[in-house]
Structure formats: C-alpha cells, structure tokens
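**Student:** First to last, the sequence lines map onto chains A and B.
Just so you know, my numbering puts 76 at position 76 of the first sequence, and the rest follows in order with no gaps.
Each position in the second sequence, counted from 1, maps to that position plus 137 in my numbering.
Built from N, CA and C at the ideal position, the CB exists for glycine as well.
There are 2 protein chains.
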Amino acid sequence: MALWIQILPGSSEPIYVQVAEQISKAIARGELASGDKLPAVRKLAAELVINPNTVARAYSRLEQAGLVTTKTGSGTYVSDPKLRRHDAADINILTDRMDTLITRGLNLGLEEQDIIAMFKGRLAKFVNKKAERRKND
Amino acid sequence: MALWIQILPGSSEPIYVQVAEQISKAIARGELASGDKLPAVRKLAAELVINPNTVARAYSRLEQAGLVTTKTGSGTYVSDPKLRRHDAADINILTDRMDTLITRGLNLGLEEQDIIAMFKGRLAKFVNKKAERRKND
DNA sequence: ACAATTGTATTAAGACTTTTAATACATTAT
DNA sequence: ATAATGTATTAAAAGTCTTAATACAATTGT
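1) Is there a Cβ of chain B sitting closer than 7 angstroms to that of S24(A), yes or no?
2) Pick from E249(B), I252(B), A183(B) and V264(B): whose alpha carbon is nearest that of N107(A)?
3) Inspect the beta-carbon positions of L181(B) and V192(B) and report whether they are closer than 7 angstroms.
4) I want to verify the contact list: residues of chain B whose CB lies under 7 angstroms from the CB of L106(A), in sequence order.
5) Between D80(A) and chain B, is the shortest Cβ-Cβ distance under 7 angstroms, so that the two count as touching?
6) Using a Cβ cut-off of 7 angstroms (strictly closer), state whether G73(A) contacts chain B.
7) Does any C-beta atom of chain A lie closer than 7 angstroms to the C-beta of A213(B)?
8) In the DSSP assignment, find the beta strand (DSSP E) that holds V215(B) and state where it starts and stops.
9) Is there a Cβ from chain B that is less than 7 angstroms from the Cβ of R84(A)?
10) Please return the same chain residues whose Cβ sits closer than 6 angstroms to the Cβ of E168(B), not counting the five positions on each side in sequence.
11) Along chain B, which residues have their Cβ under 7 angstroms away from the Cβ of D90(A)?
12) Could you work out which residues of chain B lie near R97(A), taking near to mean beta carbons separated by less than 9 angstroms?
13) Across which residues does DSSP place K120(A) in a beta bridge pair?
14) Rounding to the nearest angstrom, what Cα-Cα distance links P146(B) and T213(B) in this structure?
15) According to DSSP, simplified to helix, strand and coil, what is V156(B)?
16) Residues of chain B with CB closer than 7 angstroms to the CB of I115(A), please, in chain order.
17) Are the segment 91 to 102 of chain A and the segment 203 to 220 of chain B touching by the rule of at least three beta carbon pairs closer than 8 angstroms?
18) Chain B partners of L67(A), CB-CB under 9 angstroms?
19) Cα-Cα, which of Y196(B), D173(B) and K174(B) is closest to V156(B)?
20) Quick check on the burial criterion: 16 or more other C-beta atoms within 10 angstroms. Buried or exposed for S24(A)?
21) For chain B, check one thing: does any of its Cβ atoms lie closer than 7 angstroms to the Cβ of E164(A)?
22) Mapping DSSP to helix, strand and coil, what is T69(A)?
23) Count the C-beta pairs between the segment 171 to 180 of chain B and the segment 223 to 230 of chain B that are closer than 8 angstroms, then say yes if the count reaches three, no if not.
24) Strictly under 7 angstroms for the Cβ-Cβ distance: is L231(B) near chain A by that measure?
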C-alpha cells in the first residue's frame, strides 16, 4: 500500500487541508478502515516534501473531526466508525454545502435530473469501493 | 425587494466570496432573473458597511462565472441563462466538490439513502422557488 | 533501563491573501 | 453638464499559510 496523497502546487486549498481531505476520502471509501495506522507525521512529511508541522496540522484536523485518534508515542489511527457522532450543527454545515453545490450546478445550466444523476453516480463509486474491499478481506 | 445579503463576521470565507455566493444562490433560485439589475457597487458597499472594492471584487467574480454582465456607467445585470456555457473543466470541479460533500456525509455516519434524500430535498427547494416565482409573474 | 519513534508545542520569519482607504478615470444616464 | 455607474491603482494593516529549528512527553522495542 503505497502513498496516494498528492498535493497540487497550484491549488488555492492550503496543503494541510489537501492532506486531511484526501485522507478523509480514503476513509469514506473504505481504503482506510478502523484501526489502520496513518503514516508517521515525520515520515509523511518527508514523502510529500513538506514541513512536519503541516502534516501535524492535517492530522489534528482529522482528529477534531473524529476520524482518527492519536496516541503520542504510538501513532495516529483511524477511529471506529460506530463511535462517530454527528449533531445538528454538522447537518447544517452539510446542507449548506449542498446548497452551494446545487447553486453551481444550476447556474452551469444543468437540469435537476442531471445533477441528481451525477450525484448518485459519484456516491455509488464510494459505496462500490467499500463493497469491493469487504469482498477482498 | 429589500437586501437579502448578510455577511457573517465569524466566517472563514472572505467577504467577497460570501457576497458572490449569496447572489449566485439568488440567481439559482430565480429570485434574480435575467436582466435584473444588481445594486450599485457603492450602494451595496454602504448597506453592508464594507469597502466598495470588496463588492467590486464579488461582482467581478460573478462576471467571470458568466452569471452577470457589466456595463460601465449603467450597472451590473443578471445575464441570460441560455447563454451560460459549461465545459469539461466546470464539470470536473463540480464532481470534485460532490466527492468532498459525499466524503463528509459518509464520515458523519450517514447512510447512502439519507445522503441522497437530503440532496434531493435541498435541490427541490431550489426548483420549487423557481416555479413559485414563475407563477407570480 | 535505554534508545528510537511517536505526537505535540513554541517561536520566528517570509510569502501571500484579505480588507480598507483614498483617489482617479471612463462610460452611461438624466 | 452633472450625476451615477464600473474599473484601476497604490498603500497599509491584519490575518493565514508554510517553513524552520528546536524541545518536550509518551510509547515502543530491545
């Protein structure tokens, strides 16, 4: 299992956000499962040729989101999905982001059905990857 | 028709993004239709108690997205939806954002059906508002 | 016990972005 | 003409992002 994380130099997204986001996606796709260990802060920093502080910030962000738990001296591990909680605030943020996304789609001239079809298509890829992974375990 | 735009002081989003985003949503919902005139740069700046440059930057962003056209000396107007084009790059950005959104939802512990239902619900509100507006015209 | 590895914290500096401010200019409307 | 429009420029203040160089605390492996 090599390293999938790739930082885009031209992106307006801060590096620590890019790293956290890509790890989040790996978790959502099931490529990283509960208990899996993330690369050590210094090791990942060396591979990506960025500062260890930047990786630490990404990990801190993941921990705040409840996706990983860290044990100083041991490492950073993907947390148990069953323990992940969401409250009303989380849902509000999610629906706000949905509205932003829908705004973009409609203003690009896309039709309601097209947008839904696209969304379902993307979502299916996540779930399929998870199913494949369960099969191979 | 008073002013709907509200800037959140605590937000990490730049003010010019907040302004552009809210106008985009108004257009997507049909609250602003083709030909409608946006508030003058200086006027909106005065109402929001921000710098005119910041509003100008928001308008510039909307023009770059093809949502408005500006005529110096006259004003800024919502452009014709039929003229709005999208290319492959636009779709790529949209699907990337969808993936980010889906990642959030799944990692909050939401089920596939819940996420789709939420998304459809939000989208329906946009389309319904447009339908209502057509009725009242 | 010891050494290596882990995450964390601090301080500093440079680069970049955001916002305000103060003008000035060009075009359009009245 | 006069007023109102969008645009452009220059400057400064405040904040964010990233790197750098350390140092500390806790765990792991021997």
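**Tutor:** This is what the structure holds:
1) True, the Cβ-Cβ gap to chain B drops below 7 angstroms.
2) V264(B)
3) Yes, the Cβ-Cβ distance between L181(B) and V192(B) is below 7 angstroms.
4) A165 and F263
5) no
6) Not one chain B Cβ lies under 7 angstroms of G73(A).
7) Per the sequence shown, residue 213(B) should be read as Thr rather than Ala. Cβ-Cβ to chain A under 7 angstroms: no for T213(B).
8) It spans G212 to V215 - the beta strand (DSSP E) in which V215(B) sits, taken as one unbroken run.
9) yes
10) none
11) L245
12) In chain order: R234, T237, L238 and R241.
13) Its beta-bridge partners do not exist; DSSP assigns none.
14) 26 angstroms
15) helix
16) L260
17) No: fewer than three Cβ pairs fall under 8 angstroms.
18) Correct list: N244.
19) Y196(B)
20) buried
21) This structure gives no information on residue 164(A), because the portion of chain A shown stretches from 1 to 137.
22) strand
23) no
24) yes
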